[in-house]
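In full-length UniProt numbering, the protein residues as written are 1 to 519.
Take a look at the structure:
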């Protein structure tokens, strides 16, 4: 059975299980509501993740939504086992991981539970046809009335440029070891290909173009983690789709397209009137415009949000219709970005850009946005800013407030203490740490230890003294990187500055990721 082969590869090649902000149920709720759908409050919802691996994408969400229920299913017994041990160690009670075949979802949950959010990230393209059908059927049968499903997949035309490299890696693996999924043989193949291109000087411009294109893709592949390469390039299944075909398959299974979690295309962004007019006349509906966008930009990966087909008539797909649903949403920069302020300088969106930047990490309400930008094209400008900043602006369903660290008044959120402590005590865990927005928190052992000291009882000076004493006890000398070299800091003044900066960095991270609370 092909499912057994897939299970074996995931048991043998367990790779780190991380969180992904675009799958956050808070974000999915905001996008759904922006498009006219009355999505369920994320803080009182039921969530299913299909292909959850070790649960890294939903454990943090369960911590952040204690009144919601999370279920993750995966075919890999090894990955489920690792995730269960982590959940038990953290003490999280509102999440369950189950070893299960996707094809059994309806028989297991049908008629017993409806899910408000279904997440299927990095699975759809990597399973056979009958499993893809089961994913879509399960979404239709198990979603609540206003539920939304997030499904990501590789897509054409972008993947057409990469497929020959994947095919060559798998072809070479068979020839070298007899095993089509042998990772080292596949990597050796592109290493050989790279060496060949280094000596190859084609006469024809088309051959030069192919050489340069493949060389660039090879460089990317060689920089990816091996576990990712094994999944993306050596797996039994990796089937990209044209967006139009994915939407048609969803429609055949009683689902309709809401929006993409990442991309948005508007012909108003096209360079001149004639080109824009041609586009509008030729691709005059929401779906065909999205497909044309993929052709123009050679898109190779999509994150599509779906709902039940019965909700089709409720959806807002035009800017003027979406504007009606903005009143209850809030705007937020994901991170301050110089590109936003420089691009907006001396334009009429400069006040809006500055207001968003000054508010970070707090949100701005719709009324606050209107106060600095009273024009009627806020929806268009929202997408415009996303384009300018590489998606560094987002929308939320509830206001978010920046809190400074003030001992006796604010502290690390209580629910995050056992969560962070688990990863402190289990250094090297293959499960990533998530922020409240489901972003990845890059935290080593020392960072986690110090973060836990922001408990409202310790002053900044206390935390600085703690790290200083720890370095002295372990006979460690702080060092900085300069021009690729490790430079030890030997003077007391330099060392004190180092400890001060280290604690300041962690403090800012907790503030900017909204991990503090008042008490």
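From the three backbone atoms N, C-alpha and C, an ideal C-beta is built for every residue, glycine too. Please read these numbers as outputs of a predicted model, since none were measured by experiment.
Item                                                                                                                                                                                    : Value
Thinking residue 103 and residue 306 are a contact (beta carbons under 8 Å), I'd like their distance in whole angstroms, please.                                                        : That belief does not hold up - the Cβ atoms of residue 103 and residue 306 are roughly 19 Å apart, past 8 Å.
Pop quiz: residue 521 and residue 142 are said to be a contact at Cβ under 8 Å. What is the actual Cβ separation, rounded to whole angstroms?                                           : Residue 521 lies beyond the range of the chain shown here (1 to 519); nothing can be said about it.
Do the segment 427–434 and the segment 12–27 touch if we need at least three Cβ pairs shorter than 8 Å?                                                                                 : yes
Going along the chain, which residues of its own chain have a beta-carbon closer than 7 Å to the beta-carbon of residue 254, five neighbours each way excluded?                         : 140, 308 and 309
Under the DSSP definition of a beta bridge, which residues are partnered with residue 149?                                                                                              : 118 and 306
Just curious, the beta strand (DSSP E) that residue 74 is in, first and last residue?                                                                                                   : 69–74
So residue 385 and residue 353 are supposed to be a Cβ contact under 8 Å. How far apart are they, rounded?                                                                              : 7 Å
Using 10 angstroms around the beta-carbon of residue 95, count the other beta-carbons present and answer buried if the total reaches 16, otherwise exposed.                             : buried
CB residue 157 to CB residue 295, shorter than 8 Å?                                                                                                                                     : yes
Would DSSP call residue 361 helix, strand or coil?                                                                                                                                      : coil
Assign residue 143 to one of three DSSP states: helix, strand, or coil.                                                                                                                 : strand
Do the segment 384–401 and the segment 453–466 make contact, defined as three or more Cβ pairs closer than 8 Å?                                                                         : no
So, at 6 Å on beta carbons, what are the nonlocal neighbours of residue 186 in its own chain, with the 5 sequence-adjacent residues on each side left out?                              : 169, 173 and 234
Which whole runs of the alpha helix (DSSP H) in the UniProt domain "Methyltransferase regulatory" (226–308) are 4 residues long or more, in chain order?                                : 226–233, 243–252, 273–282 and 286–297
Would you call the segment 40–54 in contact with the segment 62–69, where contact means no fewer than 3 C-beta pairs closer than 8 Å?                                                   : yes
Pull up the DSSP beta-bridge partners for residue 431, would you.                                                                                                                       : 17
With residue 469 as the anchor, note down where its alpha helix (DSSP H) starts and where it stops.                                                                                     : 460–473
Alpha carbon to alpha carbon, what distance is there between residue 91 and residue 418?                                                                                                : 7 Å
DSSP state of residue 50, grouped into three classes?                                                                                                                                   : strand
Quick one: what's got a C-beta closer than 7 Å to residue 487's C-beta in the same chain, skipping five residues either side?                                                           : 479 and 480
With distances taken between CB atoms, is the gap from residue 30 to residue 395 smaller than 8 Å?                                                                                      : yes
My output table needs one value for residue 481: the three-state DSSP class, helix, strand or coil.                                                                                     : strand
Am I right that residue 194 and residue 215 are in contact with their C-beta atoms under 8 Å? What's the rounded C-beta distance?                                                       : 7 Å
Can residue 150 and residue 261 be called in contact, C-beta distance under 8 Å?                                                                                                        : yes
Got a sec, what are the start and stop residues for the beta strand (DSSP E) residue 518 sits in?                                                                                       : 516–518
Name the DSSP beta bridge partners of residue 505, please?                                                                                                                              : In DSSP, residue 505 forms no bridge with anything.
For the segment 267–286 against the segment 335–351, do three or more pairs of beta-carbon atoms, one drawn from each stretch, fall closer than 8 Å, so that the two count as touching? : no
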